[in-house]
Amino acid sequence: MRHPAEVVAPSRIRHLPDVIRFTNVAKRYASGTGPALEGITFHIARNEFAFLTGHSGAGKSTILKLMYAEERPSSGDVRTLGFRIPSIRPDEIPRLRRRLGVVFQDFRLLTDRTAAENIAFALEVTGAREDVIPQRVARVLEQVGLAGKADAFPRELSGGEQQRVAIARALVNDPAVLLADEPTGNLDERATRGVYQLLRDINDAGTVVLMATHNLELVRASGKRILELRDGTLVFDSAADQGGEP
Amino acid sequence: MKLVWREALLSFSRTRTLSVLSVTTIAFALFVTGLFGLVALNLRGAINRIEERVEIVAFVLRGTPSQGLAVAMEDIAAFPEVLSVRYVTEEDALAQAKQDLVEFRDAYEDLQINPLPPSIELRLRPGFRDAAHVGEVAERLRGFPFVEDVRYGRDWVERLDALRTLAGLVGGAIGLAFALVSVVIIGVTIRITVLQRAREISIMRLVGATDWFIRGPFLLEGALKGLLGGVLAYLLCLAVYAGFKAQGLGLGIGLEFFRPIHSLAFLAFGTLLGLAGSLVSVGRHLRKV
Ligand SMILES: Nc1ncnc2c1ncn2[C@@H]1O[C@H](COP(=O)(O)OP(=O)(O)OP(=O)(O)O)[C@@H](O)[C@H]1O
Ligand SMILES: [Mg+2]
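Chains as they are written, first to last, in the working numbering: chain A, 1 to 246; chain B, 1001 to 1289.
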């Protein structure tokens, strides 16, 4: 260690280089035949934007699930924002989840609540103070460009707009990381570009964004970091020096 | 807290038919339990009234000096079990017999000598009117030299004991059975609600709601259903009680209804059942969502 013992705690925080770190991770599902992931090693640093690509069933969603502790690795280590996922306690999971946002292909909005209510829900259930909720909801709606649609129900919104509501909900707790699993999978090209631009803006504002996608066109044109999976192993990392492959 | 209420009520109204059904079933189960409670209560009242008549009679040898007798009676009155002691002279005994046994009045009229000995009559304090205590006191009385014989309705007292035990056991068993039924019913309805709200729950999880926060509305919902069922059951019991009373089926003894403390316990019991049912169910089913 470069620092004397008495400054270990603060220095660890200050020098923590990566937000997410996978070390030789394998994942076997109880009901699965083969391993869903094997020998996965990579890390994601602050302010990074990375794509996770690979064929269907390659293990993209599994990697994201490990990050937000929906699943635990069968072996190896996963660290997210300093939490050790293999040994995370059930009561720590909510604390981890409040520090990251997750969005999905199918939006996962509550259909009987308006856009604003869907977002407010995320604050309410995490025990936010009632009086700050309206402002924060308004701020994220503004941020995703839906200030005028606060009172619309999901069925009254386009797919792209619904995904923006989902992103707003993910952002409302000011997460350090935004995980997006195929966020544009149900969107047309125009909406896809819009959502991608939004994610880039979010990344520019300092949030780490990790996006799993099939959209190779988007990925190639982006110039962002690419992690490619094939059959549960990491076969390509455009930031080669940080890659996990041999 | 406000949110917990809102979510609980929301889920209540979303599954209205189911909620009404479960509250009704719980009300019915608690109603049956309550009826048995009422029967037990009134039975206990009746037993108490009968017990008040539990009496030990010690027949005294004729010719016992009254001075020694008076001292002994003071000793007897000082027994911790004894409520009151009364000396009954031969004449009193005969007069009492004539009054009580109308059928034999004529037979007694013809008597030349009094066949009835003088006696000491004892009443015991409440709590000592069971077979064991009565027998013990009787045994102690037999130890007095002037006591010729001691009588008390032995099998009568023993039967009262048995009745008391039986009433307690039957009441307890039936109460327990119906309480279990209520727990299961609440458990099932909560399970359905959990499954119905799987989507909401998974979103709550995703955004970092704690387990207790997720459980809160379900527990509240269960407790409310239990309480509501309890109130309904209470009203039904009250109606049945009023019906019996109006019909004059009090048999002149005067029927009893729950005292305020019983009523509170009854409602608390319903609420607890609801809470228990949802606690068990939510714990098990949330994991699967
Ligand atoms: N809950 C589960 N139980 C058993 N096997 C699973 C489970 N989830 C995923 N798998 C398996 O793990 C492998 C990786 O799945 P994963 O969902 O991570 O793939 P993916 O790359 O996200 O695919 P897609 O692009 O279709 O979403 C697949 O073979 C899948 O069948
Ligand atoms: Mg997937």
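C-beta atoms are modelled at their ideal positions from N, C-alpha and C, and glycine is treated no differently.
Proximal residues to residue i (C-beta, below 6 Å), its chain only, five neighbours per side dropped
{"i": "Ile63 (chain A)", "result": "none"}
{"i": "Asn173 (chain A)", "result": "Arg98"}
{"i": "Pro154 (chain A)", "result": "Leu109, Thr111 and Gln162"}
{"i": "Leu1061 (chain B)", "result": "Phe1146 and Glu1148"}
{"i": "Arg139 (chain A)", "result": "none"}
{"i": "Thr23 (chain A)", "result": "Thr41, Gly76 and Asp77"}
{"i": "Gly1171 (chain B)", "result": "Phe1036 and Ala1040"}
Under 8 Å between C-beta atoms of residue i and residue j
{"i": "Leu1272 (chain B)", "j": "Gly1226 (chain B)", "result": "yes"}
{"i": "Leu198 (chain A)", "j": "Ile167 (chain A)", "result": "yes"}
{"i": "Val165 (chain A)", "j": "Asn215 (chain A)", "result": "no"}
{"i": "Gly1230 (chain B)", "j": "Leu1030 (chain B)", "result": "yes"}
{"i": "Val19 (chain A)", "j": "Val208 (chain A)", "result": "yes"}
{"i": "Leu141 (chain A)", "j": "Ala115 (chain A)", "result": "yes"}
{"i": "Thr1210 (chain B)", "j": "Pro175 (chain A)", "result": "no"}
{"i": "Ala1179 (chain B)", "j": "Thr1033 (chain B)", "result": "yes"}
{"i": "Glu1081 (chain B)", "j": "Leu1116 (chain B)", "result": "no"}
{"i": "Val1134 (chain B)", "j": "Val1157 (chain B)", "result": "yes"}
{"i": "Leu1195 (chain B)", "j": "Ala1008 (chain B)", "result": "no"}
{"i": "Leu1160 (chain B)", "j": "Arg1125 (chain B)", "result": "no"}
{"i": "Ala1223 (chain B)", "j": "Gly1175 (chain B)", "result": "no"}
{"i": "Asp181 (chain A)", "j": "Phe107 (chain A)", "result": "no"}
{"i": "Ala978 (chain B)", "j": "Ala1233 (chain B)", "result": "Nothing about residue 978 (chain B) can be read from this structure; chain B reaches only from 1001 to 1289."}
{"i": "Ala218 (chain A)", "j": "Thr192 (chain A)", "result": "It is worth fixing the name first, because residue 218 (chain A) is Leu in this sequence and not Ala. Result yes, Cβ atoms of Leu218 (chain A) and Thr192 (chain A) sit closer than 8 Å."}
{"i": "Phe49 (chain A)", "j": "Arg220 (chain A)", "result": "no"}
{"i": "Phe1269 (chain B)", "j": "Phe1258 (chain B)", "result": "no"}
{"i": "Phe83 (chain A)", "j": "Thr213 (chain A)", "result": "no"}
{"i": "Ile1203 (chain B)", "j": "Ile1214 (chain B)", "result": "no"}
{"i": "Leu1141 (chain B)", "j": "Ala1058 (chain B)", "result": "yes"}
{"i": "Leu96 (chain A)", "j": "Ala69 (chain A)", "result": "yes"}
{"i": "Ala120 (chain A)", "j": "Val137 (chain A)", "result": "yes"}
{"i": "Ile1047 (chain B)", "j": "Leu1163 (chain B)", "result": "yes"}
{"i": "Leu248 (chain A)", "j": "Gly160 (chain A)", "result": "Beyond the ends of chain A as shown, which are 1 and 246, falls residue 248 (chain A); an answer cannot be given."}
beta-carbon residue i near ligand 2 non-hydrogen atom, thresh 7 Å
{"i": "Asp1211 (chain B)", "result": "no"}
{"i": "Asp106 (chain A)", "result": "no"}
{"i": "Glu182 (chain A)", "result": "yes"}
{"i": "Val60 (chain A)", "result": "First, the amino acid is wrong: residue 60 (chain A) is Lys here, not Val. True, at least one ligand heavy atom lies under 7 Å from that Cβ."}
Beta-carbon proximity list for residue i, same chain, < 8 Å, skipping 5 on both sides
{"i": "Gly1187 (chain B)", "result": "Gly1277, Ser1278, Val1280 and Ser1281"}
{"i": "Met67 (chain A)", "result": "Ile20, Val78, Thr80, Ile85, Leu100, Val177, Leu179 and Leu210"}
{"i": "Ile1192 (chain B)", "result": "Thr1015 and Leu1018"}
{"i": "Ala1077 (chain B)", "result": "Ser1084 and Val1085"}
{"i": "Leu1255 (chain B)", "result": "Asn1042, Tyr1241, Phe1244, Lys1245 and Leu1249"}
Closer than 7 Å: residue i CB and nearest ligand 1 heavy atom
{"i": "Gly76 (chain A)", "result": "no"}
{"i": "Tyr29 (chain A)", "result": "yes"}
{"i": "Gly39 (chain A)", "result": "no"}
{"i": "Ala36 (chain A)", "result": "yes"}
{"i": "Ser1202 (chain B)", "result": "no"}
{"i": "Gly82 (chain A)", "result": "no"}
{"i": "Ser56 (chain A)", "result": "yes"}
{"i": "Gly1274 (chain B)", "result": "no"}
Local conformation of residue i per DSSP, three classes
{"i": "Asp231 (chain A)", "result": "coil"}
{"i": "Ala122 (chain A)", "result": "helix"}
{"i": "His1285 (chain B)", "result": "helix"}
{"i": "Asn186 (chain A)", "result": "coil"}
{"i": "Glu1055 (chain B)", "result": "strand"}
{"i": "Asn1042 (chain B)", "result": "helix"}
{"i": "Gly1143 (chain B)", "result": "coil"}
{"i": "Val1085 (chain B)", "result": "strand"}
{"i": "His214 (chain A)", "result": "coil"}
{"i": "Glu1148 (chain B)", "result": "strand"}
{"i": "Lys224 (chain A)", "result": "coil"}
{"i": "His55 (chain A)", "result": "coil"}
{"i": "Leu1101 (chain B)", "result": "coil"}
{"i": "Ser1182 (chain B)", "result": "helix"}
{"i": "Ala176 (chain A)", "result": "coil"}
Close beta carbons around residue i, own chain, < 7 Å, minus the five adjacent residues each side
{"i": "Met1073 (chain B)", "result": "Val1085, Tyr1087 and Ile1120"}
{"i": "Pro73 (chain A)", "result": "Val25, Ala26, Lys27, Leu66, Ile85 and Pro86"}
{"i": "Leu1228 (chain B)", "result": "Val1023"}
Partners in chain D for residue i, counting only beta-carbon separations shorter than 8 Å
{"i": "Arg1287 (chain B)", "result": "No chain D appears in the structure shown, which is made up of the protein chains A and B."}
Residue i: CB within 7 Å of a non-hydrogen atom of ligand 3
{"i": "Gly32 (chain A)", "result": "In the structure on display, ligand 3 does not appear, and the ligands it does have are ligand 1 and ligand 2."}
Task: Touching by the beta-carbon criterion (3+ pairs, under 8 Å), the segment 114–132 of chain A and the segment 1223–1238 of chain B - done: The segment 114–132 of chain A is not in contact with the segment 1223–1238 of chain B.
Open item on the list: Within 8 Å, do at least three Cβ pairs link the segment 1125–1145 of chain B to the segment 1051–1068 of chain B?
Closed with: The segment 1051–1068 of chain B vs the segment 1125–1145 of chain B: in contact.
Open item on the list: Taking 8 Å as the cut-off, does the segment 220–235 of chain A touch the segment 22–40 of chain A (at least 3 CB pairs, one atom from each stretch)?
Closed with: Per the Cβ contact rule, the segment 22–40 of chain A is in contact with the segment 220–235 of chain A (3 or more Cβ pairs under 8 Å).
TODO: Pair every Cβ in the segment 38–58 of chain A with every Cβ in the segment 217–226 of chain A, then say whether three or more of these pairs are closer than 8 Å.
DONE: Three or more Cβ pairs closer than 8 Å define a contact, and the segment 38–58 of chain A meets that threshold against the segment 217–226 of chain A.
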